[in-house]
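Shown next, in structure tokens, is the structure this report addresses.
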Amino acid sequence: MWVPGAGIPSRLTLSAFTRAARFCVLNSGVARWKDVPAENCRGLYDFHTQLKPDVEFGKLSSRLYKSRSETKRYVTSPRVAETVVRVLRGKRKAGQLILECNPGPGVLTRALLESGARVIALESDKNFIPELKSLGNSVNGRLEVIYCDFFKLDPRNHGMVTPPVMTSDMLFQYLGVKAHPWKKGFPLKVVGILPAKTERNTLWKILHDLYSCSSVYKYGRAELNLFISEKECRKLTANPQTPALYQSLSVLGQTACGIKVLCTESLEQNLCFVQLTPHRNLFTGTLTPFNYDVFFHMLRQCFMKRNAKLIDHLPSLSPIDAVHILKQIKKKKDVRVVDMYPKDFLRLFETIECSKDDTCKWLYDEFMEDALS
1 MWVPGAGIPS RLTLSAFTRA ARFCVLNSGV ARWKDVPAEN CRGLYDFHTQ
51 LKPDVEFGKL SSRLYKSRSE TKRYVTSPRV AETVVRVLRG KRKAGQLILE
101 CNPGPGVLTR ALLESGARVI ALESDKNFIP ELKSLGNSVN GRLEVIYCDF
151 FKLDPRNHGM VTPPVMTSDM LFQYLGVKAH PWKKGFPLKV VGILPAKTER
201 NTLWKILHDL YSCSSVYKYG RAELNLFISE KECRKLTANP QTPALYQSLS
251 VLGQTACGIK VLCTESLEQN LCFVQLTPHR NLFTGTLTPF NYDVFFHMLR
301 QCFMKRNAKL IDHLPSLSPI DAVHILKQIK KKKDVRVVDM YPKDFLRLFE
351 TIECSKDDTC KWLYDEFMED ALS
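Counting from 1, position 331 in the sequence shown corresponds to residue 331 in full-length UniProt numbering; the numbering is continuous, with no gaps.
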């Protein structure tokens, strides 16, 4: 039994398995033994970074502004802001709580406030904070401004952190946001633009946090509405019909989330506005926050030779007979990795994970430990 509130930092996952589910070394790989309970895992994930005490929260283009230091992008066009508000409105209730990441000059912030939303502005550039706070003073408490970088929440390196870097625990405790059951959703929407230089790494961090129910996902199924480059968007939404773009990131994203491209036509710099909504039933089957790293490993291993036949990959993943696995997932012997849809990969994972035919289910190559962390 797992608890979303426990959270699983990805760097601790493999070390957690070594205690909770016995490992043995088989030649160049590592195998996980089956039917070993994982209830002792939770105690391994209680380490949290700490904020230093006594620290308070606290050339424009026509549409998007780039910070010279970190190449940050901000919405500066009222037309783009209105488009974002329109596509977000949908069935949104009056007074919806919006967490806006790096609002910068506050153009989108104003549009959100004018639509009746309540906004928490997480700004990582101190130069913008005075104007944002001035705006907050004029809207009767519907705008909260915090010196914080959402995309640097819960850094992988442990220890003391200072704003704008902080932990999700500190942020949500300050805001009074409590953890919600996974199936009941989350009381706020997140809106922001992925950092240009670290876009791909940020997407991977989001997926690790989602699958491990850590960081913001420790508090529930947070919906992310993000500006993403067209290049990464196409990869994120790719499938076997677009094999050149299809990759492990595609499978992980689509398995975990409902992905909607909300807007592209009115944006500059080849950006897409994408909504990532975690599936309610993500953890109702075999996949859990305690074994998600195995799913990650399986996909990365497969996509290393994306055009190869799946049957050629299976012996490096599991000691279970490859032909038997293919029969279980109802796939032919000549099926290639790029022919498998996300649901097929999930079925493959569940078939191996639930197998009762072999004592040892999975094989790990030792180098994958660094890749997973």
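Glycine included, C-beta positions come from ideal geometry on N, C-alpha and C.
Contacting residues, own chain, Cβ-Cβ under 8 Å from residue i (five flanking each side not counted)
i, result
"Gln247", "Lys235, Ala238, Phe303, Arg306"
"Cys263", "Thr83, Val84, Val87, Cys272, Phe273"
"Asp312", "Lys305"
"Asn270", "Ser229, Glu230, Lys231"
"Val323", "Ile311, Lys333"
"Thr109", "Glu100, Pro103, Val119, Ala121, Leu132, Leu135, Leu143"
"Ala111", "Pro78, Ala81, Glu82, Val84, Val85"
Bridge partners - residue i, DSSP secondary structure assignment
i, result
"Tyr147", "Glu123"
"Ser229", "Leu271"
"Pro278", "Cys257"
"Lys189", "Ile98, Glu223"
"Cys354", "According to DSSP, Cys354 bridges with nothing at all."
"Lys309", "Arg336"
Close beta carbons around residue i, own chain, < 7 Å, minus the five adjacent residues each side
i, result
"Lys66", "With a pLDDT of only 48 at Lys66, under the threshold of 50, the placement of this residue in the model should not be trusted; the figure read from the coordinates follows. Here the set comprises Lys72, Arg73."
"Phe295", "Leu287, Phe349"
"Arg89", "Ser115"
Between the CA atoms of residue j and residue i - distance to the nearest angstrom
i, j, result
"Leu175", "Pro164", "16 Å"
"Ser115", "Pro342", "37 Å"
"Val261", "Leu143", "27 Å"
"Leu249", "Leu224", "17 Å"
"Pro130", "Pro187", "27 Å"
"Gly192", "Gln328", "42 Å"
"Asn281", "Asn127", "42 Å"
"Val107", "Ile98", "14 Å"
"Cys354", "Pro240", "26 Å"
"Ala117", "Thr284", "33 Å"
"Gly185", "Ile259", "16 Å"
"Met160", "Ser212", "22 Å"
"Gln173", "Lys189", "17 Å"
"Thr198", "Gln96", "29 Å"
"Leu245", "Gln301", "17 Å"
"Ile146", "Asp293", "33 Å"
"Arg221", "Arg156", "21 Å"
"Ile325", "Cys257", "26 Å"
"Arg336", "Leu310", "5 Å"
"Thr351", "Arg200", "30 Å"
Distance between beta carbons of residue j and residue i, contact taken as under 8 Å
i, j, result
"Leu317", "Met298", "6 Å"
"Glu232", "Leu207", "Actually they do not touch by this definition, with Cβ atoms about 12 Å apart."
"Ala121", "Pro103", "5 Å"
"Asp154", "Ser134", "The pair is not a contact, with the Cβ atoms about 30 Å apart (cut-off 8 Å)."
"Pro278", "Leu171", "Not quite, the Cβ-Cβ distance comes to about 19 Å (not below 8 Å), so this is no contact."
"His180", "Tyr219", "6 Å"
DSSP-derived helix/strand/coil call for residue i
i, result
"Met160", "strand"
"Thr83", "helix"
"residue 412", "Because residue 412 is not part of the residues shown, which for the chain are 1 to 373, the question remains open."
"Thr109", "helix"
"Cys72", "A small correction: the amino acid at residue 72 is Lys; Cys does not occupy that position in the sequence shown. Correct three-state label for Lys72: coil."
"Arg347", "helix"
"Phe262", "Here the sequence assigns Leu to residue 262, which means Phe is not the residue at that position. Leu262 falls in the strand class under three-state DSSP."
"Tyr174", "helix"
"Cys302", "helix"
"Arg118", "strand"
Proximal residues to residue i (C-beta, below 6 Å), its chain only, five neighbours per side dropped
i, result
"Leu194", "Thr202, Leu226, Ile228"
"Leu346", "Thr255"
"Pro243", "Val338"
"Lys183", "Arg280"
"Gln275", "Asn225, Lys260, Leu262"
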